[in-house]
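Report on the following structure.
Below you can see the structure in the form of structure tokens.
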């Protein structure tokens with residue numbers, strides 16, 4: 030069968046609708062996934078994208094035709110799907126979403142029993158090859174069934190179990206759901222909290238009429254920042270399209286990176302669980318491992334990406350793991366990520382510290398960072414080696430791209446998984462040094 034192989038990414042299946050992904054594609058993926066995983070049932074959730082319903086119907090038909098049952102979770106967040114698979118013991122789960130991508134995209138995030146992700150190297154590529162080889166899709170003698178399950182209250186209770194609600198202060202908070210799935214999953218949690226909430230774009234709308242649901246980009250936080258100032262809120266929070274990622278904004282309108290949220294969650298969890306292991310990816314600020322070790326925890330550096338981090342979480346029995354991109358993983362959440370749980374833990378920490386977000390972060394973060402700078406290049410390997418030669422006197426490693434460390438600054442240069450891009454992140458001890466080194470490295474990249 031014909032299928033666009035480029036939709037199979039390192040961590041999921043994703044592409045534009047209907048030219049790359051359509052109902053035929055969804056059927057074939059459902060059929061071959063079921064044949065590959067051989068589960069008794071598959072839990073399926075979907076986001077509010079315009080194509081999600083029709084893709085669900087075709088995906089389900091493909092799975093049912095192999096004799097496998099489908100548990101229809103309806104409209105849920107990606108972390109809600111992970112919860113359902115872990116909590117109720119389903120042998121597989123599929124989330125129909127394209128996360129933060131524009132409205133014309135859709136796709137599938139797949140996990141096995143225990144919410145263990147299925148990555149390109151661990152099954153997705155085998156599914157692709159099975160589709161490419163298939164000449165027909167014979168139906169099983171007994172067709173699978175579809176049952177509906179509502180997890181909203183169960184998931185809300187699970188997330189709230191990570192904090193002591195009685196300790197929470199009555200904060201004034203702005204929440205931007207970005208017309209994504211946070212608008213559906215948050216209300217059941219917010220009803221139980223003592224905080225005052227100003228809700229932005231909680232209406233589910235797959236056209237994203239207000240701004241892209243990608244809060245890592247500062248331009249997509251302008252409505253949130255304006256509302257924080259208008260309401261004199263203590264801080265703001267923004268979720269991405271499928272609501273598994275979360276970013277905080279302080280009362281001055283300053284966006285916090287995912288690494289600073291990682292530091293906050295680590296501080297809260299280590300205060301309750303001394304000596305535990307916490308993972309952080311190598312793009313995170315050095316402030317993260319320094320805090321973990323200062324509090325007596327064990328900090329372990331990892332490559333970037335959930336399909337790489339989650340197995341390591343299990344291997345080390347880590348209580349928590351965080352990424353600069355806003356993904357946060359919890360042992361007591363089947364080692365899966367949840368932006369909602371991370372936000373609740375931060376809310377509890379801010380309540381106990383009893384001081385503004387910007388003051389708390391000032392204590393945790395002595396460094397200056399460039400943020401991720403994307404550079405389109407003709408030859409990733411050639412440019413990487415040119416930069417490596419220019420900084421040959423630094424401490425270098427190739428765990429994920431090129432990382433070079435000095436006493437007063439460090440940087441990482443790594444290729445995109447999907448595009449001919451090099452992603453640069455720089456951190457330094459001073460703002461002047463950050464600018465000097467960033468300009469120097471970018472000039473080398475551009476040749």
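Numbering (this note's numbering), first residue to last: 30 to 476.
Beta carbons are placed, not taken as given, at the ideal position from N, Cα and C, and that holds for glycine.
The three-state secondary structure of residue 117, taken from DSSP, is helix. Between the segment 168–186 and the segment 148–158 there are fewer than three C-beta pairs closer than 8 Å, too few to call the two in contact. Of the residues 88, 375, 461, the one whose Cα lies closest to the Cα of residue 98 is 88. For residue 306, the enclosing beta strand (DSSP E) has its first and last residue at 306–310. In this structure, 132 is the residue among 132, 420, 189 with its C-alpha nearest to the C-alpha of residue 236. The count of Cβ pairs closer than 8 Å, one atom from the segment 323–343 and one from the segment 71–88, stays below three, leaving the stretches out of contact. The DSSP-derived three-state label of residue 331 is strand. Under the DSSP assignment, residue 89 falls in the alpha helix (DSSP H) whose first and last residues are 81–93. Proximity of the segment 118–138 to the segment 32–49 meets the contact definition, three or more beta-carbon pairs being nearer than 8 Å. By the criterion of at least three beta-carbon pairs nearer than 8 Å, the segment 431–439 is in contact with the segment 447–457. Residue environment: residue 318 is assigned as buried (16 or more neighbouring CB atoms within 10 Å of its CB, all protein chains considered). For residue 231, the secondary structure class from DSSP, reduced to helix, strand or coil, is coil. A straight-line Cα-Cα distance of about 27 Å links residue 109 and residue 263. Counted as a single uninterrupted DSSP element, the alpha helix (DSSP H) harbouring residue 318 occupies residues 316–323.
Note on geometry: alpha-carbon atoms of residue 427 and residue 217 lie some 44 Å from one another. For secondary structure counted as the beta strand (DSSP E) over 3 or more consecutive residues, the segment 165–194 holds these complete runs in sequence order: 175–177. In this structure residue 113 does not touch residue 63 by the C-beta definition: roughly 18 Å separates them, more than the 8 Å allowed. Closest option to residue 189, judged by alpha-carbon separation, among 402, 462, 397, 375: 375. Contiguous beta strand (DSSP E) elements confined to the segment 395–466 occur at 402–405, 424–426, 431–434, 438–444, 450–457, taking only those with 3 or more residues. Between residue 396 and residue 350, the C-beta gap is not smaller than 8 Å, which leaves the two residues out of contact. Apart from the 5 residues on each side of it in sequence, residue 68 sits with its Cβ closer than 7 Å to the Cβ of 97, 120, 121 in its chain, given in chain order.
With the rule of 3 Cβ pairs closer than 8 Å, the segment 411–425 does not count as touching the segment 300–308. If you check the CB distance, residue 244 and residue 207 come in under 8 Å.
In the three-state DSSP reduction, residue 77 falls in the coil class, being neither helix nor strand. It is roughly 20 Å from the alpha-carbon of residue 270 to the alpha-carbon of residue 39.
Runs of the beta strand (DSSP E) spanning 3 or more residues and lying entirely within the segment 127–167 occur at 134–141, in chain order. Taking each of 212, 352, 177 in turn and checking the Cα distance to residue 293, the smallest one comes out for 352.
Look at residue 39 here: in three-state DSSP terms it is coil, with no helix or strand label.
Residue burial annotation: residue 126 is buried, with at least 16 other C-beta atoms found within 10 angstroms of its C-beta.
By the Cβ-count criterion, residue 325 is exposed, with fewer than 16 other Cβ atoms from all chains shown falling within 10 Å of its own Cβ. In this structure, DSSP gives residue 338 a helical state, which the three-state scheme calls helix.
Setting aside the 5 residues that flank it on each side, residue 320 is surrounded in the same chain by 292, 295, 296, 393, each with a C-beta closer than 7 Å to its C-beta; the list follows chain order.
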